[in-house]
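Enquirer:
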Amino acid sequence: RKEVEQDPGPFNVPEGATVAFNCTYSNSASQSFFWYRQDCRKEPKLLMSVYSSGNEDGRFTAQLNRASQYISLLIRDSKLSDSATYLCVVRIPNDYKLSFGAGTTVTVRA
Amino acid sequence: DAGITQSPRHKVTETGTPVTLRCHQTENHRYMYWYRQDPGHGLRLIHYSYGVKDTDKGEVSDGYSVSRSKTEDFLLTLESATSSQTSVYFCAISESVVGRDGYTFGSGTRLTVV
Chain A
6 RKEVEQDPGP FNVPEGATVA FNCTYSNSAS QSFFWYRQDC RKEPKLLMSV YSSGNEDGRF
66 TAQLNRASQY ISLLIRDSKL SDSATYLCVV RIPNDYKLSF GAGTTVTVRA
Chain B
3 DAGITQSPRH KVTETGTPVT LRCHQTENHR YMYWYRQDPG HGLRLIHYSY GVKDTDKGEV
63 SDGYSVSRSK TEDFLLTLES ATSSQTSVYF CAISESVVGR DGYTFGSGTR LTVV
């Protein structure tokens with residue numbers, strides 16, 4: 006089983022819509038969680054960390070559900086510029102590396 | 003953005019030749035990583051370093067070696083390039099491996115082996 010699994014999508018949404026997607030992680034000891042954004046042919050960039058109580062950054066809301074071992078990302082009022090692949094990332098204790106999901110592709114259309 | 007640069011940005015090489023990719027950072031971060039990214043596979047860890055001269059293998063290390071002789075540079079060498087090593091290679095750095103420190107990635111190297 007992969008450490009981090011994501012629905013690859015694509016999620017095709019019109020501008021102004023709300024889109025949400027999840028990722029699941031397999032290691033219950035995972036302690037830090039992140040969402041990264043990757044534009045086509047570019048490097049991944051940190052979008053936001055995910056806190057236990059959930060957190061917002063503008064139009065983006067991240068939630069963590071430790072009991073069910075999933076993380077969610079919700080994008081409100083989608084913009085064309087939100088079109089990207091969103092990577093779910095998890096840190097396991099005592100591990101030097103982060104574990105990356107394969108990504109969820111979001112396409113926002115005019 | 004953090005100071006991390008990869009070179010070259012693009013390279014075409016022939017099968018069987020050695021190739022070295024360079025990752026250079028100006029952030030004095032302890033941890034450095036090499037990933038490859040291919041369609042359908044996402045990011046896969048090749049090697050990583052947790053200090054000068056301290057390196058370890060990732061999940062796809064066969065055919066690759068690394069060296070880190072100083073904090074700022076992490077070199078990835080394809081000892082004898084094969085077509086299966088055609089990929090986009092990303093270097094990443096991290097200040098720590100606990101808490102909310104994620105990675106910062108370089109812009110990537112597009113390698114084509116013909």
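Line by line, the protein sequences give chains A and B. Residue numbering for the first sequence follows the numbering used here, starting at 6 and increasing by one per position. Residue numbering for the second sequence follows the numbering used here, starting at 3 and increasing by one per position. In this text, a Cβ means the ideal position worked out from N, Cα and C, and glycines have one as well. The structure displayed is predicted, hence computed values, not measured ones.
1) Kindly say whether Leu23(B), judged by its beta-carbon, lies nearer than 7 Å to any beta-carbon of chain A.
2) Is Leu23(B) near Tyr91(B), with beta carbons less than 7 Å apart?
3) Between His120(B) and Val68(B), is the Cβ-Cβ spacing less than 7 Å?
4) Does any residue of chain A bring its CB to less than 7 Å from the CB of Gly104(B)?
5) On the DSSP bridge list, what partners appear for Gly53(B)?
6) DSSP three-state label for Gln87(B), please.
7) Taking its Cβ as the centre, do 16 or more other Cβ atoms sit within 10 Å of Gly108(A), making it buried, or is it exposed?
8) At which residue ranges does the segment 11–53 of chain B contain complete beta strand (DSSP E) runs of 3 or more residues, listed in the order of the chain?
9) Closest by CA to Met53(A), which one among Ile80(A), Asn32(A) and Thr112(A)?
10) Do you know how far the Cα of Ile6(B) is from the Cα of Gly25(A)?
11) Would you call Leu85(A) buried or exposed, if buried means 16 or more other Cβ atoms sit within 10 Å of its Cβ?
12) Output yes or no for whether 7 Å exceeds the beta carbon distance between Val55(A) and Ala67(A).
13) What residue range is occupied by the uninterrupted beta strand (DSSP E) comprising Asp62(A)?
14) Between Val14(B) and chain A, is the shortest Cβ-Cβ distance under 7 Å, so that the two count as touching?
15) Would you list, in chain order, the members of the segment 48–79 of chain A that have their beta-carbon closer than 8 Å to a beta-carbon of chain B?
16) Would you kindly report the start and end of the unbroken beta strand (DSSP E) that includes Asn99(A)?
17) Quick one: which chain B residues come within Cβ less than 7 Å of Lys84(A)?
18) By Cβ distance, which residues of its chain are closer than 6 Å to Gly14(A), with the 5 residues on each side in sequence left out?
19) In three-state terms, what does DSSP make of Ser164(A)?
20) Would you call His31(B) buried or exposed, if buried means 16 or more other Cβ atoms sit within 10 Å of its Cβ?
21) With a CB to CB cut of under 6 Å and the five nearest residues on each side skipped, what residues in its chain are close to Glu61(A)?
22) Applying the criterion that 16 or more other CB atoms from any shown protein chain within 10 Å of the CB defines a buried residue, is Val115(B) buried or exposed?
Expert: Let me lay it out:
1) no
2) yes
3) The structure shown does not extend to residue 120(B), since chain B spans only 3 to 116, so no value can be given for it.
4) yes
5) Asp56(B)
6) helix
7) buried
8) 12–15, 21–27, 33–40 and 44–53
9) Ile80(A)
10) For clarity, residue 25(A) is Ala in the given sequence; the question names Gly instead. One C-alpha to the other measures close to 32 Å.
11) exposed
12) yes
13) Asn60 to Asp62
14) no
15) Glu48, Pro49, Lys50, Leu51 and Ser54
16) Note, Asn99(A): premise wrong, no beta strand (DSSP E); not H, not E.
17) In chain order: nothing, as chain B lies at least about 22 Å away.
18) Thr109 and Thr110
19) Outside the displayed span of chain A (6 to 115) sits residue 164(A), for which this structure offers no information.
20) buried
21) none
22) buried
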